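Scroll down for the structure; my scribbles are underneath it.
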Amino acid sequence: MTTPSPSRHYVTTAIPYVNARPHIGFAMELVMADVIARYRRLRGDDVRALTGTDENALKNVQAAEQAGIDTATFVQAQAAAFEALREPLNLSFDDFIRTSAQRRHARGVTKLWQACAARGDIDKRAYRGLYCVGCEQFYAPADLVDGRCPEHDSEPELVEEDNYFFRLSRYEAQILALLESGRLRIVPEGYRNEILAFVRGGLADLSISRSRARARGWGIGVPDDPSQVMYVWFDALGNYVTALDYADEGDDYVRYWVDSDARVHVIGKGITRFHAVYWPAILLSAGLPLPTTLVVHGYLTVDGRKIGKSLGNAIDPEDIVARHGTDPVRYFLCRHVRFGRDGDFHEARLVTATHAELADQLGNLLRRTVSMIARYTDGGVPAPTDDGPFAALAVQIRDDYERAFADYRIDDAVRTAWTIVDAANRHAVERAPWKLAKRDDPAARAALRTTLYELAEALRLAAVYLAPFLPYTAAQIRHQLGLSPAPEPWDAATRWGGVPVGATVTVGEPLFAKTSPAA
RNA sequence: GUCGAGGUAGCUCAGUCGGUUAGAGCGAGGGAUUCAUAACCCCUAGGUCGGCGGUUCAACUCCGCCCCUCGGCACCA
906 MTTPSPSRHY
916 VTTAIPYVNA
926 RPHIGFAMEL
936 VMADVIARYR
946 RLRGDDVRAL
956 TGTDENALKN
966 VQAAEQAGID
976 TATFVQAQAA
986 AFEALREPLN
996 LSFDDFIRTS
1006 AQRRHARGVT
1016 KLWQACAARG
1026 DIDKRAYRGL
1036 YCVGCEQFYA
1046 PADLVDGRCP
1056 EHDSEPELVE
1066 EDNYFFRLSR
1076 YEAQILALLE
1086 SGRLRIVPEG
1096 YRNEILAFVR
1106 GGLADLSISR
1116 SRARARGWGI
1126 GVPDDPSQVM
1136 YVWFDALGNY
1146 VTALDYADEG
1156 DDYVRYWVDS
1166 DARVHVIGKG
1176 ITRFHAVYWP
1186 AILLSAGLPL
1196 PTTLVVHGYL
1206 TVDGRKIGKS
1216 LGNAIDPEDI
1226 VARHGTDPVR
1236 YFLCRHVRFG
1246 RDGDFHEARL
1256 VTATHAELAD
1266 QLGNLLRRTV
1276 SMIARYTDGG
1286 VPAPTDDGPF
1296 AALAVQIRDD
1306 YERAFADYRI
1316 DDAVRTAWTI
1326 VDAANRHAVE
1336 RAPWKLAKRD
1346 DPAARAALRT
1356 TLYELAEALR
1366 LAAVYLAPFL
1376 PYTAAQIRHQ
1386 LGLSPAPEPW
1396 DAATRWGGVP
1406 VGATVTVGEP
1416 LFAKTSPAA
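Numbering-wise, our numbering comes out as the position in the first sequence, counting from 1, plus 905.
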């Protein structure tokens, strides 16, 4: 089931608030989006990947105040910490958007607002709500404890002010139809069902502005109304198009949004409603194409405990990578966290997986293969003399792998790739080339050459399939096998028999050194 | 309350359309082997498949009820 390629793909992560340092949960989201982008590029598709930071929230103002810095400076430093994840996690995003600091964003979101307004979907209404001065936010009655603010134990005051409202209710039927038809796909399906239930419950209009005073002057102004700023969600969701220069409807916007085959948002389960309901409604109103797919992941606990905002167990991705390596962290996040479900980032298990799977199974396979080729066939990949069991396996694997990615089940995709590694290790033992090498008859020599070829080719395939997850490792495997750094076009790359006979192998350093377990 | 997702070997999890002896990895025990990072490979581990009842020749897999965990239920990653 090969999907037609090349096609155009736009892949994004959500943009996180910057009031706290990045934690391992967001690192997982970044890695997932990166894996999807790398997979599409591997297939020859035209891909654009975006991440960035959501900076206009009141929370950021408060956090800056606590830190004793002005908001813009604080936000700038925090955003840098997120962008700095690119190196340690080996991310390949093409662009990074900052919602408070880049004109393209403010301009684009203003245009988006105006487009909705022109459609008659934005109007000013009186908004009444219970407001806690301490928290600087409104509370729904249900969120209060005995009518008091859960944080400050004070009675919130009834505040009435004019806000702009978006006519979400108008789009109820359309949103429902989108979800039901699958034109807007949500994976895994469980999340789709939740949203469906939510929409069927009826959609009320949405407040999309705050008084400038209440927002402490921070945020993007409502067009033609200096007294109001946009509610951060309206501005944040817009990032997906403003980053592409929606403001001027530039080339990137046309290419990756309007004319794209897939507009994919990778998000955490907590914000699916914003992406499955509010965002499509805004786009519908403004007359822009909608996202095609929402890829929803679960939350991570750390060593079994919830990630506390300031509880101290919020693992720093840079730190964990410094101790265990980029590919092991990416590998653990991709294979050992079940797609769509909550998972546990267990450091001891990360170490176990790195040793048992990456070092012992994959790393060792490469080493034993390359060593035998160096020793038995003078360092050149030999020509096979007959077909082994792998050609059929290769077809099956490609099929399973593409199917897994079609549903964004990246953990299954890794498992599928791994079946090659397992098969090759077993094959090595069954054929025992080290025994064949001690015999001197023609049959043994033919069998030896065929087997070594098969092992090299299996590794080549493994490197192809693992490249999205383990970019550095895949490159190392290619290097040691004597292959060019750039992989072949997808069809050729995934077909059995791609290792050139005579390629000169290099016995390099072990792929994964075994580290001692972290304290 | 309601809706959803889970509850399978010590741990983390797989189990397609119901079908014969319920699987994998880790951990544990044993064996084999030497190409390789003491790695690879093979065997074993005897788990009431949350509980009770039902449908069926046959249910982990379908239906009902119940128990436990987590999450959504209007503006909160």
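By construction, the Cβ of each residue, glycine as well, lies at the ideal position given by its N, Cα and C atoms. Predicted model, so just to flag it, every value in this text is computed and none were measured.
Q) Between residue 1330 and residue 1266, what straight-line distance do the alpha-carbon atoms span, to the nearest angstrom? A) 8 Å
**Q.** Close beta carbons around residue 916, own chain, < 6 Å, minus the five adjacent residues each side
**A.** 938, 941, 942, 954, 1169
Q) Quick one: is residue 1165 buried, meaning 16 or more other Cβ sit within 10 Å of its Cβ, or exposed? A) buried
Q | At least 3 beta-carbon pairs within less than 8 Å: the region 1230 to 1246 vs the region 1331 to 1349 | A | no
Q.
Buried or exposed for residue 1378, going by 16 or more other Cβ atoms inside 10 Å?
A. buried
Q: Identify the continuous alpha helix (DSSP H) that holds residue 957 and give its terminal residues.
A: Here residue 957 belongs to no alpha helix (DSSP H); instead the beta strand (DSSP E) covers 951 to 958.
Q. Whose CA, out of 1256, 1303, 1186, 923, lies closest to the CA of residue 1419?
A. 1256
Q) Can you give the Cα-Cα distance for residue 906 and residue 1244, rounded to whole angstroms? A) Per-residue confidence for residue 906 stands at a pLDDT of 44, beneath the threshold of 50, marking its modelled position as unreliable; no derived number is given.
Q. Going along the chain, which residues of its own chain have a beta-carbon closer than 8 Å to the beta-carbon of residue 926, five neighbours each way excluded?
A. 983, 986, 1219, 1221
Q: Specify the secondary structure class of residue 914 as computed by DSSP and reduced to three states.
A: strand
Q. Should residue 1340 go down as buried or exposed, given a rule of 16 or more other Cβ atoms within 10 Å for buried?
A. exposed
(Q) Rounding to the nearest angstrom, what Cα-Cα distance links residue 1104 and residue 1402 in this structure? (A) 51 Å
Q. Is the distance from the Cβ of residue 1182 to the Cβ of residue 1275 below 7 Å?
A. no
Q: Kindly indicate which residue of 1082, 1091, 1114, 1232 has the alpha-carbon position closest to the one of residue 1374.
A: 1232
Q: Identify, in the order they occur along the chain, each residue of the same chain with its Cβ nearer than 6 Å to the Cβ of residue 1287, setting aside the five sequence neighbours on each side.
A: 1354, 1357, 1358
Q.
Within a Cβ cutoff of 7 Å, which residues of the same chain sit near residue 1144, ignoring the five residues on either side of it in sequence?
A. 920, 957, 1002, 1004, 1010
Q) For residue 1140 versus residue 1014, is the C-beta spacing smaller than 7 Å? A) yes
Q. Whose C-alpha, out of 1109, 1098, 1337, 1155, is nearest the C-alpha of residue 1281?
A. 1337
Q: Would you mind working out which of 1186, 1352, 1413, 1405 sits nearest residue 1381, comparing C-alpha positions?
A: 1413
Q) In terms of residue numbering, what span does the alpha helix (DSSP H) encompassing residue 965 cover? A) 963 to 972
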